[in-house]
DNA sequence: CCACCACGTATCATTGATAGTTACATGATG
DNA sequence: CATCATGTAACTATCAATGATACGTGGTGG
């Protein structure tokens, strides 16, 4: 099944933004994500509404982080994206009155609910600063890796 | 995202089959699942190949359970369906060389891998007999519930 | 032995979500 | 005030599950 990559993409972008001086335009971001500017604006809109980023129009405008990475968890971004369904498999409701179907869905539903709770707890425990620190470790480990699009090592 | 309901459906069907005398035709099963016979054959094909059910052609033919419910776990059925992706959200690979993307995907990937392991372990620990027992409990609790399609209380 | 029944399977249409695109309006900057 | 950037509406593209049609194949029973 087709997988939703918005969470991954937004985390990617936010970390880049934190290492970036000044606003990043949707155009620049879209190149990083190999997509196009409208998709970026659409997806970032949710984060803006929750106050994680700010957008500025006109010359020199673009997107700016509005909170430090230490204050943003993966769970926050997941919620900002509208809490999309995490699971690709789910219960059937072909015959809601059927007791067999109810028994099956109760078992599956409980298993998925527990897995979701675990996943969300994990998301809530990881901040973007943690991911940025992992990036820094990878960067140091490789010395001077190639830059497919602009990375911003810890300098600025 | 659209959710794969095949696992739920197959569990539903197998339990009904265990309470059924003689083969159940794809036509009968399709009515239980509010779908059509071809979808049933397509989905059951995987279970047949793994030996959980048998199919018989001709007059009086249809589908028959080939193992007791105690010998079949939810995990078995999941595998028989081709182990479809469990998650609806996943990593982006827009820029595989980007160290930021790698850090993001490592964190997300680990979280999802752990959740998947938990889910599969749970699936492996539940047999269809457990679900059937839950059905029996629900049946007894309600006395004589309505039958939207044929249920088979513990008699035969 | 042959008519019928049920599975087996190829092929195409439908669905529902993200993702991509085009077009145009709005606001800010220099 | 021309230009740049976001905001958004309205499409189209894509992908996998699902649904539907058609036809082939093998058993069964009359």
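Residue numbers (my numbering), protein chains in the order written: chain A, 1 to 156; chain B, 1001 to 1156.
The beta carbon of each residue, even a glycine, is placed where N, CA and C say it ideally should be.
Below-8 angstroms beta-carbon distance, residue 1037 of chain B vs any chain A residue: Position 37 of the second chain, counted from the first residue, corresponds to residue 1037 of chain B. Closer than 8 angstroms: no.
C-beta contact flag for residue 1164 of chain B and residue 3 of chain A at 8 angstroms: Because chain B spans 1001 through 1156 in this model, residue 1164 of chain B falls outside it and cannot be assessed.
Chain A contact for residue 1028 of chain B (CB, 8 angstroms cutoff): Against the second chain, residue 1028 of chain B aligns to sequence position 28. By this cut-off, residue 1028 of chain B is not an interface position.
Element boundaries [beta strand (DSSP E), containing residue 1055 of chain B]: The sequence position of residue 1055 of chain B within the second chain is 55, counting from 1. From DSSP, the beta strand (DSSP E) with residue 1055 of chain B extends over 1053-1056.
Residue 9 of chain A versus residue 22 of chain A - alpha carbon distance: Here residue 9 of chain A is taken as the residue at index 9 of the first chain, counted from 1. Here residue 22 of chain A is taken as the residue at index 22 of the first chain, counted from 1. Each residue's Cα considered, the two are about 20 angstroms apart.
Separation of residue 1039 of chain B from residue 106 of chain A, as counted between CA atoms: For this step, residue 106 of chain A is matched to residue 106 along the first chain. For this step, residue 1039 of chain B is matched to residue 39 along the second chain. Distance between the alpha carbons of residue 106 of chain A and residue 1039 of chain B: 24 angstroms.
Contact list for residue 1165 of chain B against chain A, beta-carbon separation under 7 angstroms: Here chain B has residues from 1001 to 1156 only, and residue 1165 of chain B is not among them.
DSSP-derived helix/strand/coil call for residue 1090 of chain B: Residue 1090 of chain B sits at position 90 when you count from the first residue of the second chain. Correct three-state label for residue 1090 of chain B: coil.
Proximal residues of chain B, C-beta to C-beta of residue 126 of chain A below 9 angstroms: The residue you call residue 126 of chain A lines up with position 126 of the first chain. What residue 126 of chain A touches in chain B: 1107 and 1111.
Through-space distance from residue 13 of chain A to residue 82 of chain A, alpha-carbon basis: The count along the first chain starts at 1 and reaches residue 82 of chain A at position 82. The count along the first chain starts at 1 and reaches residue 13 of chain A at position 13. Their Cα atoms are separated by approximately 18 angstroms.
Any chain B beta carbon closer than 8 angstroms to residue 71 of chain A: Taking the first residue of the first chain as 1, we reach residue 71 of chain A at position 71. Judged by the 8 angstroms Cβ criterion, residue 71 of chain A is not in contact with chain B.
Segment contact flag, the region 26-43 of chain A with the region 1125-1133 of chain B, C-beta cutoff 8 angstroms, min 3 pairs: no
With 16 other Cβ atoms within 10 Å as the buried cut-off, status of residue 1141 of chain B: Taking the second chain and counting its residues from 1, one reaches residue 1141 of chain B at position 141. Classification of residue 1141 of chain B: exposed, given that the 10 Å Cβ count is below 16.
Residue 1024 of chain B, DSSP secondary structure in three states: Reading the second chain from its first residue, position 24 is the one you call residue 1024 of chain B. Strand, per DSSP.
Nearest to residue 67 of chain A (by Cα), restricted to the options A/24, A/48 and A/33: Working through the first chain from its first residue, we reach residue 67 of chain A at position 67. Of the candidates A/24, A/48 and A/33, the one whose C-alpha sits nearest the C-alpha of residue 67 of chain A is A/48.
Cβ-based contacts, 8 angstroms cut-off: residues of the region 33-62 of chain A near chain B: 33, 34 and 35
Nonlocal neighbours in the same chain, by C-beta distance under 7 angstroms from residue 1091 of chain B, ignoring five residues either side: Translated into positions along the second chain, residue 1091 of chain B becomes position 91. For residue 1091 of chain B, where only same-chain residues beyond five positions count, the Cβ hits under 7 angstroms are 1105, 1108 and 1109.
Cβ neighbours of residue 51 of chain A in the same chain (closer than 8 angstroms, five flanking residues each side left out): The count along the first chain starts at 1 and reaches residue 51 of chain A at position 51. Same-chain partners within the cutoff: 66 and 67.
Residue-level contact to chain A via CB, residue 1104 of chain B, 8 angstroms cutoff: Position 104 of the second chain holds residue 1104 of chain B. True, the Cβ-Cβ gap to chain A drops below 8 angstroms.
Where residue 127 of chain A falls: helix, strand or coil (DSSP): Within the first chain, residue 127 of chain A is the residue found at index 127, counting from 1. Three-state result, residue 127 of chain A: strand.
CB contact below 8 angstroms: residue 95 of chain A versus chain B: Stepping through the first chain from its first residue, residue 95 of chain A is reached at position 95. Yes, residue 95 of chain A counts as interfacial toward chain B.
Cβ of residue 1079 of chain B within 8 angstroms of any chain A Cβ: Along the second chain, one-based indexing puts residue 1079 of chain B at 79. Chain A, which has no Cβ nearer than 8 angstroms to the Cβ of residue 1079 of chain B, makes this no.
Residues that residue 82 of chain A bridges to, as DSSP identifies them: Within the first chain, residue 82 of chain A is the residue found at index 82, counting from 1. Residue 82 of chain A is not bridged to any residue.
Contact with chain B by residue 100 of chain A, beta-carbon distance below 8 angstroms: Here the question's residue 100 of chain A lines up with position 100 in the first chain. Cβ-Cβ to chain B under 8 angstroms: yes for residue 100 of chain A.
Burial state of residue 60 of chain A (16 or more Cβ within 10 Å): Taking the first chain and counting its residues from 1, the one referred to as residue 60 of chain A is at position 60. Per the 10 Å Cβ criterion, exposed.
Interface flag, residue 193 of chain A vs chain B, CB-CB below 8 angstroms: Nothing can be reported for residue 193 of chain A, as the shown portion of chain A is limited to 1 through 156.
DSSP state of residue 1011 of chain B mapped onto helix, strand, coil: Walking along the second chain from the start, residue 1011 of chain B turns up at place 11. Helix, per DSSP.
Residue 80 of chain A burial status per 10 Å Cβ neighbour count (16 or more: buried): Within the first chain, residue 80 of chain A is the residue found at index 80, counting from 1. Residue 80 of chain A is buried by the Cβ-count criterion.
Other residues of its chain near residue 17 of chain A: CB distance less than 6 angstroms, five sequence neighbours each side excluded: Translated into positions along the first chain, residue 17 of chain A becomes position 17. Counting only Cβ-Cβ distances below 6 angstroms, and skipping sequence neighbours, we find 24 and 65.
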